[in-house]
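So the sequence shown is numbered by the working numbering: it starts at 40 and just counts up by one.
We put the CB at the ideal spot given by N, CA and C, even for glycine.
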Amino acid sequence: MACLLLGAGLLALLTVTATGLSGTWDAIQHRDAPRTVAATQLNLALNDMDAQAANILLSSGDSGTGKGRLGESYTNANRIYKQAQETISSSLRTLGAASEGDKVTEDTVVALTDDFAQYQELVGRALENDEHSGGKDPARADYRRATDLLAQRLLPQARQLVDANDAVYEGEYDAAHSDLIIQITAEAVLGTLLLAALVVLQLHLARCFRRIFNPALFAATLCALVALVCGGQLLSTSADQLTIARHDSFDSVVALSRSKAIGYDANADESRFLLDATRRDALEKSFLDKSQQLYGLKDATLATYDDRLATTWDAYQRDHANRQFTGEYRRELDNITFPGEREAAEKTVAAYAVYQKDDRTFRQLIAEGKVQEATVFCIGWASDTSNAHFGEWMKALDQVTAINSSHHDQAIATGRDAIGIKTPIAGGALLLAGLLLVLGLRARLAEFV
């Protein structure tokens, strides 16, 4: 009876564990990760949309005539602006649907939706003014109000959504991982007791019936051992894959997505710098602040940043434990886990360094009064422009993100496979062990009678 009860307890534990893990993977795959990704896409698209609004105003030429228009830059800015607008609308719908029942997140999405409508109205007015003769200054004023709304309300709300949804995922992980630690211990205890009880029973029967061993009971013991091993593999694999999905991969996805949004915002600061001469000091400081968020160098200025970056990056490549810089890229480089990830991350930092040097070229052109050349260099599409190098930087960043996203998806698939394969084997082995135990004991008891 004790053996049957222990076997039933182990079967119940594995059933509950498998059901809970299936729910956890469903939540991660269909709720937690998509919501967080949607929030990061929203944050990025807001920055991109604002940058492209500035680029449209910069490349449109004279208001009312279009004279001096930078055709390719103007066309591409309009195209990307509309794409960003669609991404924001889609992300807001996704986050709105996913936030039902969470009042704080619901309120944030509602407020962000309302503010985004106001932002679009201001940008729309700026673009409309720019089409009329003498409308460039009113267009700048409307764009300035739109950018203030973006900085003061939209971006903080978007970042709040990223943090809130990421925290939900972290909570799901913490709860599931804590449960698994308890379940691993319980499975080991129950499995060990079951095996011990079966061995004791085998020895008892051998003494009572003067047989070396009971074949059915021996087979039941082997089945219990198979169940214990498969159950242990289910639990340990699930714990490992949860860690890979959450911390090894998704932490990097969030950090890299955040860094991409910061990068787009920094790039937008250059366009704003060109468009609004009254705010150049503040925008230059803003660009440096965002650079520090990405690759932090204590007490660096724009004049010293490039040399400091080169020196500290060289030191890091000689010794990966070197701690002379901070920021989002430090966070990613400290979380290298997968094949090819380090090479892709280092390529990203190298591309970032090129873009930073371009920024100094851009500012030097403006200082020399070469505003048109600076504009073409900043928002042009030729291969030797800052805009092109920004694209290479973002492409490299996307490659690192793709590596981590791929392993996140793979961890979910592996976790699901463990449930689908290990649980039936363990459950079937326990049921068979119970059947063999009953058959073996019936034969021996009949012999005794």
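Identify whether residue i lies in helix, strand or coil by the three-state DSSP scheme.
i: L478; result: helix
i: G105; result: coil
i: T56; result: helix
i: T340; result: coil
i: T376; result: coil
i: T63; result: helix
i: G419; result: coil
i: G466; result: helix
i: G135; result: helix
i: T365; result: strand
i: G173; result: coil
i: G110; result: helix
i: G454; result: helix
i: G335; result: strand
i: H23; result: For residue 23 there is no data in the structure shown, the boundaries of the chain being 40 and 488.
If you drop the 5 nearest sequence neighbours on each side, which residues of the same chain put their C-beta closer than 7 Å to that of residue i?
i: L43; result: G473, L476
i: A441; result: none
In angstroms, rounded to a whole number, what distance separates the CA positions of residue i and residue j?
i: A319; j: F312; result: Inspection of the sequence shows that residue 319 is occupied by Arg rather than by Ala. Between R319 and F312, the C-alpha separation is close to 5 Å.
i: P254; j: A383; result: 58 Å
i: E431; j: L372; result: 19 Å
i: Q332; j: L295; result: 12 Å
i: L53; j: L200; result: 36 Å
i: E167; j: I301; result: 28 Å
i: G59; j: A214; result: 11 Å
i: S422; j: E125; result: 28 Å
i: G270; j: L256; result: 21 Å
i: S112; j: R183; result: 21 Å
i: L478; j: V265; result: 19 Å
Buried or exposed: where does residue i fall if 16 or more other Cβ atoms within 10 Å of its Cβ makes it buried?
i: S211; result: The residue you asked about is not Ser; residue 211 is Glu in the sequence shown. Looking at its Cβ environment, which holds 16 or more other Cβ atoms inside 10 Å, E211 is buried.
i: C262; result: buried
i: F487; result: Residue confidence for F487 is low, a pLDDT of 45 falling below 50, so the modelled location carries little weight and cannot support an answer.
i: D89; result: buried
i: H359; result: exposed
i: N361; result: exposed
i: A390; result: buried
Please list, in chain order, all residues of the same chain as residue i whose beta carbon is under 6 Å from its beta carbon, the five residues on each side excluded.
i: E170; result: none
i: G103; result: H171, S172
i: G48; result: L229
i: H428; result: V393, Y394, D397
Ordered along the chain, which non-local residues of its own chain (more than five positions away) have a Cβ less than 8 Å from that of residue i?
i: T260; result: L234, L237, V238, Q241, A472
- Message: Taking contact to mean 3 or more Cβ pairs, one atom from each stretch, closer than 8 Å, check whether the stretch 314-328 and the stretch 224-234 are in contact.
- Response: no
- Query: Touching or not, the stretch 264-284 and the stretch 139-154, by the rule of three or more beta carbon pairs under 8 Å?
  - Reply: no
- Cβ contact (3+ pairs, closer than 8 Å) linking the stretch 62-75 and the stretch 88-102: no
- Message: Taking 8 Å as the cut-off, does the stretch 103-111 touch the stretch 188-208 (at least 3 CB pairs, one atom from each stretch)?
- Response: no
- Message: Could you check whether the stretch 121-136 touches the stretch 338-345, counting it as contact only if at least three pairs of C-beta atoms, one from each stretch, sit closer than 8 Å?
- Response: no
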